[in-house]
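S.K.:
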Amino acid sequence: MSSSEGGFKLAMDEDSDWPEEGDLLICTVKDIKQNGAYLTLDGFDGQEGFVFVGEIAAGWVKNIRAHVREGQRVVAKVIQVKKDRKRVELSLKSVSEERRRETVQSWKNEDRANQIMRVASERIGWDEGKTSTVSSEMIESFGTLYGALEECAISETALSDAGFE
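Here this note's numbering = 1-based position in the sequence shown + 207.
1) Rounded to whole angstroms, what's the CA-CA distance from I331 to F371? Just pull it up for me.
2) Consult DSSP for L260 and reduce its assignment to one of helix, strand or coil.
3) As an exercise, report each continuous beta strand (DSSP E) stretch of at least 3 residues that is fully enclosed by the region 237 to 317, in chain order.
4) Less than 8 Å separating the beta-carbons of K269 and E255?
5) Distance, Cα to Cα, K315 vs G266?
6) Alpha helix (DSSP H) containing A360: first to last residue?
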């Protein structure tokens with residue numbers, strides 16, 4: 208569920224096997240090498256990407272570890288996807304502070320919405336499949352799961368107006 212160019216790809220959007228160029232992703236630093244860092248693409252089933260040292264920060268990077276550390280969560284922009292080589296090239300320096308904050312907030316909101324859906328579905332008695340189906344339909348109708356729940360909080364008829372029973 209990628210929005211326009213440079214859009215944020217939600218960590219929960221597991222329909223897609225590969226991110227698209229320009230997507231902003233939440234990633235976790237897995238391993239740091241002399242020439243760059245390997246990141247796990249959160250929400251892409253353990254898939255990894257690589258950030259070359261020149262894409263870590265603006266200016267000259269003498270010590271990569273001064274900018275990133277193992278286990279750190281970062282927002283990275285997808286520069287290039289090479290599906291044939293199973294490689295995703297990422298950049299940290301091309302993500303502005305404002306876009307980083309927006310992306311982290313969107314990720315947190317979606318995570319919170321997923322937790323709310325999980326609790327609600329347990330109380331209703333839905334299985335994981337039903338919860339996943341309804342969540343996907345809500346995302347399709349409202350753009351994000353958080354957006355759907357936000358609309359429900361504003362209007363009692365939001366779901367029925369969108370065609371849900």
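Built from N, CA and C at the ideal position, the CB exists for glycine as well.
M.R.: In brief:
1) In the sequence shown, residue 331 corresponds to position 124, counting from 1. In the sequence shown, residue 371 corresponds to position 164, counting from 1. Cα to Cα, I331 sits roughly 16 Å from F371.
2) Residue mapping note: residue 260 aligns to position 53 of the sequence shown, counting from 1. The displayed chain sequence assigns Val, not Leu, to residue 260. Helix, per DSSP.
3) 243 to 248, 255 to 259, 280 to 289, 294 to 298
4) By one-based count along the sequence shown, residue 269 stands at place 62. By one-based count along the sequence shown, residue 255 stands at place 48. No, Cβ-Cβ distance for K269 and E255 is not below 8 Å.
5) One-based indexing of the sequence shown puts residue 315 at position 108. One-based indexing of the sequence shown puts residue 266 at position 59. Spanning the two alpha carbons is a distance of roughly 30 Å.
6) Taking the sequence shown and counting its residues from 1, the one referred to as residue 360 is at position 153. Run containing A360: 352 to 361, per the alpha helix (DSSP H) assignment.
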